[in-house]
Amino acid sequence: MKGIRAYNTEEAFAAIKHSAMQDRLGLRNYKKTGFIPVVEESESVSNTLEYAYDDWTIAIMAQEMGKMEDYHTFIKRAQSYKNLYNPKTGFMQGRFRNTWFGPFDPYEVNFNYTEANAWQYSLYVPQDISGLIQLMGGKDKFEKHLDELFTAEEKTSGRDQADITGLIGQYAHGNEPSHHMAYLYNFVQQPAKTQRLVRQILNELYSNTPEGISGNEDCGQMSAWYVFSSLGFYPVTPGSNQYIIGSPLFEKASINLENGNTFSIISNNNSENHPYIASATLNGQSLNRSYLFHDEIMDGGQLVLEMSNTPTSWASDASEVPHTEIEDDLIVLTPYLAQGKTAFKDVTEVKIESPQKEVTIYYRLDAGPFQKYTQPIKINSTCVLETYAEMNSEKSPTMATQFNKIDKDLSVELRSQYANEYSAGGQNALIDGIQGTKDFRTGAWQGYWGKDVIAEIDRGDSKLLKSISINFLQDQRSWIFYPKKVQIFVAGANKKFRLSKERSINAALKDDQTAIKTLHFNINKRNIQYIKVVAVNFGKLPTWHPGAPEGDAWTFIDEINIE
200 MKGIRAYNTE EAFAAIKHSA MQDRLGLRNY KKTGFIPVVE ESESVSNTLE
250 YAYDDWTIAI MAQEMGKMED YHTFIKRAQS YKNLYNPKTG FMQGRFRNTW
300 FGPFDPYEVN FNYTEANAWQ YSLYVPQDIS GLIQLMGGKD KFEKHLDELF
350 TAEEKTSGRD QADITGLIGQ YAHGNEPSHH MAYLYNFVQQ PAKTQRLVRQ
400 ILNELYSNTP EGISGNEDCG QMSAWYVFSS LGFYPVTPGS NQYIIGSPLF
450 EKASINLENG NTFSIISNNN SENHPYIASA TLNGQSLNRS YLFHDEIMDG
500 GQLVLEMSNT PTSWASDASE VPHTEIEDDL IVLTPYLAQG KTAFKDVTEV
550 KIESPQKEVT IYYRLDAGPF QKYTQPIKIN STCVLETYAE MNSEKSPTMA
600 TQFNKIDKDL SVELRSQYAN EYSAGGQNAL IDGIQGTKDF RTGAWQGYWG
650 KDVIAEIDRG DSKLLKSISI NFLQDQRSWI FYPKKVQIFV AGANKKFRLS
700 KERSINAALK DDQTAIKTLH FNINKRNIQY IKVVAVNFGK LPTWHPGAPE
750 GDAWTFIDEI NIE
């Protein structure tokens, strides 16, 4: 660490630990399951990844202070990022519990990520870059992912997010989660790619104008990146003592340090067309690694770089690359369901997998005895499936998933299209038995923006219809309003719909509280096979709303229960 001790370290650590052990903001589930499930907290992927890095910094401080019990606790928690990596997609992805959020689109900005998408958060593991490289399949695959990140189409889908700016491919320099990514090539023996990209960002995404930065200057981060990178290095992992070398912008820059020393960076033959490093010396001695230590800077001296107009092999040997790596208390990852539908009609075949091929997976149904998983499981009734993995006497957390067998004769046809980021699982979400909570960002609500909800339900044959109940969400601050009218149409086998029930809602009244309204309709009609539900969208936002007059309201609908 950096030797900063002008404070009460015991009191500081106690405060840090106290905050990290709270149960709010997703921490309760994070501590229990090793990640934050989608249904428990919005922005679950971003929060899990950021908590994991935070926990690493706590672990390092605990280790330095000799608090080894705390070190072991938090170094385990610092690996929680591993539970959100989906090997099938190659990205950090939201998990309900045992199942992945879908349909998945890495370009989509949705409630799983904070002001970003999967491209822009999947590499946020500064505390264990070596572990991330291994998780993603090794250096070659990691480099390929980086290449694709910086060359991907500059577009996003899903929510319009003003913070996603300064794009190079899907690298978004205008927002903090991306800021370390150009430097990651150093970790896979490709420092020349880092040098080219860092210089490109410095030259293209900053300018000497009143609007000279390409994004949101949160806490000075845009400027901090520029200052560090223009000097020629960057703290990819704050809390470590390594600074990763990039490509300095100046021929000479000097840092006058608080201890009275001066550290100078001299780059000979530097120009816009010479971003590459051919060789380096530190205080006259050859430097072949692509990183500096904190003490080397604080001791003062000179870093001299010879620049080139073509990529070179400088610092590209495996022994010359930086690394951050968690080696202690390696965790067993929670297994996931690679196949199987949680809402099914006849039978669903469930496959359980883990990124760790060496583990043994165990499962049980409805609190029965655990048994070793050896082949796909066939589930043909409503039940709860619990799973965990074990390796070298270490166990993962146990995860439970509800499976619902729905009426095999029941089907739904949507005549209006939901927003992909609020699919709630797709076509059958309105009859899958899964109830949404008051947080619209947890994945259980189906969202429609500026359009009516029109759903036609086929019961298979004509029979008595007693009642229908439907859930709607209101969160006016998030532009989610109750529909202004709900209509129930019914039909026999001839599918000639007739209006059966209708209810209006005074949805324009201002209400700062998030609420769920369940509308219950008594039908009591025989020989009904088809039901059509029409929820009329509120339309343009009311005049008192900040989004008025042009903003369109959302309609969020959940379960349609039929008796």
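Read in order, the letters of the sequence shown correspond to residues 200 to 762 in the numbering used here.
A virtual CB, placed ideally from N, CA and C, is assigned to each residue, including glycine.
Secondary structure remark: continuous beta strand (DSSP E) runs of at least 3 residues inside the stretch 347 to 382: none found.
Distance from the Cα of residue 394 is smallest, within the candidate group 416, 469, 332, for 469. Going by DSSP, residue 479 is part of no alpha helix (DSSP H) but of the beta strand (DSSP E) stretching over 475 to 481.
If you draw a 10 Å sphere on the C-beta of residue 631, you find 16 or more other C-beta atoms in it, and that means buried. Under the Cβ criterion (8 Å, minimum of three pairs), the stretch 460 to 469 counts as touching the stretch 496 to 514. The beta carbon of residue 443 sits closer than 7 Å to the beta carbons of 382, 385, 432, 433, 435, 489, 490, 521 from its chain, once the five residues preceding and following it are set aside; these are given in chain order.
Rounded to the nearest whole angstrom, the C-alpha separation of residue 348 and residue 424 is 19 Å. Counted as a single uninterrupted DSSP element, the stretch harbouring residue 491 is not any alpha helix (DSSP H) but the beta strand (DSSP E) occupying residues 490 to 492. As computed with DSSP, residue 760 is found in a beta bridge with 668. Taking the Cβ atoms as the reference, residue 601 lies roughly 13 Å from residue 758, outside the contact range of under 8 Å.
Residue nearest to residue 549 within the set 530, 478, 422, 580 is 580 (criterion: CA-CA distance). Put simply, the stretch 553 to 565 touches the stretch 524 to 539. At least three CB pairs are less than 8 Å apart.
Look at the stretch 510 to 569 and you find these whole runs of beta strand (DSSP E), each 3 residues long or longer: 535 to 538, 547 to 552, 559 to 564. Around the beta carbon of residue 455, fewer than 16 other beta carbons lie within 10 angstroms, which makes this residue exposed.
Straight across, the Cα-Cα distance linking residue 673 with residue 684 is about 14 Å. When DSSP states are grouped into helix, strand and coil, residue 719 belongs to the strand group. Measuring C-alpha to C-alpha distances from residue 309 to each of 356, 330, 743, 258 identifies 356 as the nearest.
For residue 262, the enclosing alpha helix (DSSP H) has its first and last residue at 243 to 263. Residue 297 and residue 259 have their alpha carbons spaced roughly 31 Å apart. The alpha-carbon separation between residue 568 and residue 278 amounts to approximately 29 Å. Residue 697 has 689 as its beta-bridge partners, per DSSP. Taking 8 Å as the upper bound for CB-CB distance, residue 679 and residue 730 are not in contact here, some 24 Å apart. Residue 614 is positioned such that its CB atom lies closer than 8 Å to that of residue 655. Residue environment analysis places residue 332 among the buried positions, since at least 16 neighbouring C-beta atoms fall within 10 angstroms of its C-beta.
Rounded to whole angstroms, residue 292 and residue 668 show a C-alpha spacing of 33 Å. Under DSSP, residue 405 shares a beta bridge with 412.
Put simply, the stretch 231 to 240 does not touch the stretch 315 to 328. Fewer than three CB pairs are less than 8 Å apart. Under the DSSP assignment, residue 430 falls in the alpha helix (DSSP H) whose first and last residues are 420 to 430. Taking 8 Å as the upper bound for CB-CB distance, residue 472 and residue 508 are in contact here, some 5 Å apart. Apart from the 5 residues on each side of it in sequence, residue 480 sits with its Cβ closer than 7 Å to the Cβ of 486, 503 in its chain, given in chain order. In this structure the stretch 217 to 226 does not touch the stretch 395 to 405; the number of beta carbon pairs closer than 8 Å is below three. In the assembly as shown, residue 756 is a buried residue. Its beta-carbon has 16 or more other beta-carbons within 10 Å.
Shown here, residue 204 sits in coil according to DSSP, grouped into three states, outside any helix or strand. Residue 623 carries a coil assignment under DSSP once its states are collapsed to helix, strand and coil. By the beta-carbon neighbour count (other beta carbons within 10 angstroms, threshold 16), residue 281 is buried. Spatial neighbours of residue 441 in its own chain (CB-CB distance under 6 Å, excluding positions within 5 residues in sequence) are listed in chain order as 490, 521.
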